[in-house]
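One structure below.
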Amino acid sequence: MGRHRISRRAKLTTGALGLVIAVGVVTVSATAGDPAPASADGADRSLFADILTVPPNVRIPAPQRKASKGTFTVDCGRNENGHFNPDNFIAQPGVRNGAQHLHDYVGNLSTNADSSNRSLARAGTTCKNGDKSTYFWPVLRISEEEEPAENPPAAEQKAQRKQAQAADQQAKAQPRVDCPDVASQLPEEVPEPAQDEVDAELGALDSQLDAAEQKVQAGEDPAAVLEPLKGERAAAIDRMSDAIGAGLPDLAQCGIKDQGNPGVANGDENSDAAQAEGTAQEAARPQPEENDNNELEGNEGEIQRPAKVDLTFRGSPVTRVTAMPRFLRILYGDAKVSTNGPKNARDSWTCSGFEDRVLMNKYPICPEGSKVVRLHDFPSCWDGRNIDSANHRDHIVFPDQNGRCGRGFRAVPQLRITLTYDIPREVQLAGRYAVDSFPEEAHNPLSDHDDFANVMSQRIMWRLVNCVNRGRTCQE
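So this is what it looks like as structure tokens:
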């Protein structure tokens, strides 16, 4: 399983969440503010519920005539390389240990507090198809009473992370070729005869951008790079317009983005402002770090690597989807639900074979042969312009209960992340597993959350959209 041994227990406290819960044949009572005197490790079992006591509660909107019924699954592994850190460059950009709990990463290899569009685009990835997007969620732990074991990999990871952060900070000062997104501006329905032409030209746009980036990094005059790039892009976009039989916006002009130049209007103004603010805050704050067992204060236990990580993009039940713009940021759930309230919290917890019933504020106890599952369905209605917003939510929201986007929003592929864990049943019954959280959340299962930033190439995104809109089942 690739787990890390630990020396301290994860303590689950409920405060006002103390409830009377019937769990199979085990009945546990708790009063507000006092954890139930349950198992020897002190875990509060009132945060757990038997999934068999939960009635089916998942409603799936009926597909309409223009529904996009396909799925596109990306294989990015299970974090076998041990990419962990307590950062969140989306919600708290530039702030190291801003999450105060450990995140589990797949996809982009460089993701940390100092990540930027530039550093993400230049990094490697664990995804087999070359998708450089970053997918990350808080780790799940089992509390134990064991002596600490030597854990050199964790210490090595911290050293590597410091090197990556230094490289990302340096990258912020370097110029980047900044071009308008084309895939997200294509019409929802591209005629069948134009499919191959669009695919080829989006691939050409990716190659043109990569070549221009390499020239600028090598020290060539940016102005001398941008002019021929504009001509190449204009020709590719014209060929797509001819193939589709419809005009596209003027998307040929690129710019240089660095500390003195804003680049082009890509809807990233909010993320840039947040990055600058976070960097300023960082200089004045203490720097607590996890220990050599990848533990932070209040988040202690044996990290559970998921038995399976499923990253699947789905369509809309009512319409075709359009492409996500590159560098789009999306949040799922709310890590600070006790502070912000339940508005953005989501139903996340279930068991394999029981996905028709989902728990919000309880951890599931699963029957024999069933596994613990975290089910994360991301918002999928985009405002058509911004890759981020001041609260990191207003630019992309959830559809209504029938799957429709509100006025001014368009449907993009919906990301579903399914995390499946081999948690022994005796651990579940004893209430000894929990998600990492901010200290004030006290491992509240309602604080479960997930983060995604799209760093797919134009061509991969086009394959995704084409697959979903044409009702195919694709795996890469």
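In mature numbering (1 follows the signal peptide of the UniProt record, and there is no 0), the protein residues as written are -32 to -1, 1 to 444.
Built from N, CA and C at the ideal position, the CB exists for glycine as well.
- Between the stretch 342 to 357 and the stretch 71 to 83, the count of Cβ pairs shorter than 8 Å is below three; the stretches do not touch.
- Here residue 157 is exposed: its Cβ has fewer than 16 other Cβ atoms, across all protein chains shown, within 10 Å.
- DSSP places residue 298 within a strand segment (E or B) once states are collapsed to three.
- Residue 205 and residue 174 have their C-alpha atoms roughly 12 Å apart.
- Annotation: residue 371 to residue 184 spans about 44 Å, alpha carbon to alpha carbon.
- Note: residue 350 is bridge-paired with 364 and 378 in the DSSP secondary-structure output.
- As the crow flies, the alpha-carbon of residue 359 is around 28 Å from that of residue 26.
- The alpha-carbon separation between residue 295 and residue 394 amounts to approximately 42 Å.
- Boundaries of the beta strand (DSSP E) harbouring residue 225: 223 to 226, taken from the DSSP string.
- Taking C-beta atoms under 8 Å as the contact rule, residue 201 and residue 176 qualify, at a distance of about 6 Å.
- Looking from the CA of residue 281, the closest CA among 262, 291, 275 and 272 belongs to 291.
- Here DSSP, grouped into helix, strand and coil, assigns residue 311 to helix.
- DSSP, reduced to helix, strand and coil, places residue 219 outside both helices and strands of the structure shown, so it counts as coil.
- By alpha-carbon distance to residue 212, the top candidate from 111, 398 and 169 is 169.
- Between residue 382 and residue 420 the beta-carbon gap is near 11 Å, outside 8 Å, which marks them as no contact.
- Closest option to residue 192, judged by alpha-carbon separation, among 314, 437 and 224: 224.
- Between the stretch 396 to 409 and the stretch 318 to 338, the count of C-beta pairs closer than 8 Å reaches three or more; the two stretches touch.
- Of the candidates 16, 67, 52 and 49, the residue whose Cα lies closest to the Cα of residue 266 is 67.
- Here the alpha carbons of residue 293 and residue 152 stand approximately 5 Å from one another.
- Collapsing the DSSP output to three states places residue 20 in a helix.
- Shortest Cα-Cα distance from residue 434 to any of 339, 380 and 30 involves 380.
- Looking at the DSSP output, residue 293 bridges to nothing.
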